[in-house]
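Just so we're aligned: 210 in our numbering is position 223 of the sequence shown, and the numbers increase by one with no gaps anywhere. Here a beta-carbon is modelled for each residue, glycine too, at the ideal position from N, C-alpha and C. Note that the structure is predicted; figures quoted are calculated from it, not measured. Here's the structure we're looking at; comments come further down.
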Amino acid sequence: MMKMGKVLDDIPLQLNIDKIIKELRLTRKEGASTNARKLMEEAESLIRARAVYRVSYIDKKGKDTVEISGITFSSRVLRVNLEKVERVFPYIITIGNALEDKASKSDDLLKQFYLEAIGDMALYSSMQHLEKHLKSQYGLDKLANMNPGSLKDWPITEQKLLFSLFQDMEGQIGVKLTENMLMIPRKSISGIYFPTEVNFFSCQLCPRERCQARKAPYDKSLREKYRLDDE
């Protein structure tokens, strides 16, 4: 089984100074834009965004399981989302560890926060780059994705199964998985992209309030579609 995957190295960052000012809640007073730009430039010099993905096919579909390239994942939501899908794209993305190392060594707590936040934006930008690449490369109109641990229905423990679809992640893009299912560097994300006809975000099934990472509002009616018990 081919597990090396396809690597996107040195992904170009699409950081926007106005968005950074907004996300960091900086005021428009004199000097704020200059400070934000300095932070952005410092972050950009430290970030090396890379991604690996593979083209995988669904071997079997169970009641609440999906077998992808010989690996069985247990998630009712994933199973429903892949009902009419045969080809998927497991992926792992990272921006490297230089930014988080710089932030952790800074004595300025506010600067730590700013660099961490910019790192999150860079990781999201890298996801968008991969999504555009997949659409262009494979002639796809719309994609959605799911990540192990984003919902109770698909626990973080399945991170290990997703990693097993690849070979030598540390050698390819510098990412390793700990025994606690956490990725190192921290600014990394893994998941599965899949073709879809409607927009889907795991956030729509998560009732947690005040989540800064939320991409879509909670939709209680969707829980009925996926037959999820109240959490």
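Extent of the continuous alpha helix (DSSP H) to which residue i belongs
i	result
serine 91	85 to 92
arginine 210	207 to 212
alanine 104	96 to 125
valine 64	63 to 68
isoleucine 8	4 to 10
Burial state of residue i, where buried means 16 or more other Cβ atoms lie within 10 Å
i	result
threonine 81	buried
lysine 147	exposed
valine 39	buried
leucine 169	exposed
phenylalanine 100	exposed
glutamine 1	exposed
glutamate 145	buried
proline 204	exposed
isoleucine 7	buried
lysine 119	exposed
methionine -12	Here the model assigns methionine -12 a pLDDT of 46, short of 50, so the residue's position is not dependable, and the following value carries that caveat. Classification for methionine -12: exposed.
Neighbour flag for residue i against chain D, beta carbons, 8 Å
i	result
alanine 109	Chain labels in this structure do not include chain D; a single protein chain is all it has.
Boundaries (first-last residue) of the beta strand (DSSP E) holding residue i
i	result
glycine 178	175 to 182
methionine 133	130 to 133
serine 151	No beta strand (DSSP E) holds serine 151; DSSP gives it neither H nor E.
leucine -5	-7 to -5
glutamate 54	52 to 55
isoleucine 80	74 to 81
isoleucine 45	43 to 48
valine 39	37 to 40
Residue i Cβ short of 7 Å to the ligand PLP heavy atom set
i	result
serine 32	As for the ligand PLP, it is missing from this structure, which has no ligand bound.
Length of the line joining the Cα atoms of residue i and residue j
i	j	result
glutamate 70	serine 93	48 Å
aspartate 206	leucine 152	32 Å
phenylalanine 150	glutamate 29	31 Å
isoleucine 176	glycine 57	22 Å
glutamine 124	aspartate 95	43 Å
glutamate 218	glycine 136	Residue confidence is low: glutamate 218 scores 47 on pLDDT, short of 50, so the model does not pin down where it sits. Its coordinate-derived value is still stated next. Glutamate 218 and glycine 136: Cα-Cα distance of roughly 14 Å.
isoleucine 79	arginine 35	14 Å
tyrosine 257	lysine 48	Since the first residue of the chain shown is -12 and the last is 218, residue 257 is not available in this structure.
isoleucine 143	glutamate 166	11 Å
glutamine 219	valine 75	Any answer about residue 219 is impossible in this case: the structure gives the chain only from -12 up to 218.
leucine 97	glycine 161	28 Å
Cβ distance (whole Å) where residue i is taken to contact residue j below 8 Å
i	j	result
isoleucine 179	asparagine 132	6 Å
leucine 11	alanine 104	6 Å
valine 67	isoleucine 45	With 8 Å as the limit, valine 67 and isoleucine 45 do not qualify as a contact, their Cβ atoms being about 13 Å apart.
leucine 130	threonine 183	7 Å
query = Are the segment 56 to 71 and the segment 99 to 112 in contact at 8 Å, needing three or more beta carbon pairs?
reply = no
inquiry  = Quick test of the definition: if touching needs 3 or more C-beta pairs under 8 Å, does the segment 18 to 29 touch the segment 110 to 130?
reply    = no
message = Does the structure place the segment -9 to 4 close enough to the segment 30 to 44 that three or more beta carbon pairs sit under 8 Å?
response = yes
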